[in-house]
Amino acid sequence: MLREVAVGVMLAVRAQPEAKKTAIVGVYGEGDAAQLKIAVQAPPVEGRANEALSAFLAETFGVSKRSVELVSGELSRTKVFLLRGVSLEDARQRLPRLTSS
1 MLREVAVGVM LAVRAQPEAK KTAIVGVYGE GDAAQLKIAV QAPPVEGRAN
51 EALSAFLAET FGVSKRSVEL VSGELSRTKV FLLRGVSLED ARQRLPRLTS
101 S
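The sequence shown begins at 1 in the working numbering and counts up one residue at a time.
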């Protein structure tokens, strides 16, 4: 789910569009294939869900929206985001219940 890279952290996400509210709802999958499951209120139309996910991740990890980049999965529920300027340790502290392993 979380992987450290030179410029920050890569985060695997499983999106659940058109939810009642945007929130982290758990973990999808196990081991190396685990993804952070995020319910997002926006519909998967014209990139709205991706924009909402990026904004939510920026707020969750305390970075600017420009620091969150969708690396893969633009048209898929399975996505990978790059969180620039976030250390692996900081990311784990912000998601303690989900990343303890």
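Ideal placement from N, C-alpha and C gives every residue a C-beta, glycine not left out.
For residue j and residue i, believed in contact at Cβ under 8 Å, the rounded distance
i	j	result
residue 85	residue 63	6 Å
Sequence-distant residues of the same chain with beta carbon closer than 8 Å to residue i, five excluded per side
i	result
residue 21	39 and 41
residue 74	47 and 50
Sequence-distant residues of the same chain with beta carbon closer than 7 Å to residue i, five excluded per side
i	result
residue 18	43
residue 65	54, 55 and 58
residue 78	14 and 35
Proximity to residue i [Cα-Cα], best of the options
i	options	result
residue 80	15, 6 and 88	15
residue 4	83, 67, 24 and 69	83
residue 10	32, 26 and 25	32
Contact check, residue i vs residue j, beta carbons under 9 Å
i	j	result
residue 92	residue 60	no
residue 37	residue 25	yes
residue 105	residue 67	For the chain, the structure presents residues 1 to 101; residue 105 sits outside this window and is missing.
Same chain, Cβ closer than 6 Å to residue i, five either side skipped, listed in chain order
i	result
residue 100	Low per-residue confidence applies at residue 100: pLDDT is 47, beneath 50, and the placement is therefore not dependable, though the value from the model is reported in the following sentence. Contacts found: none.
residue 69	82
- Query: Which runs of the alpha helix (DSSP H) fall wholly inside the segment 3-88 and span at least 4 residues, in chain order?
  - Reply: DSSP runs (the alpha helix (DSSP H)) wholly in the segment 3-88: 48-61.
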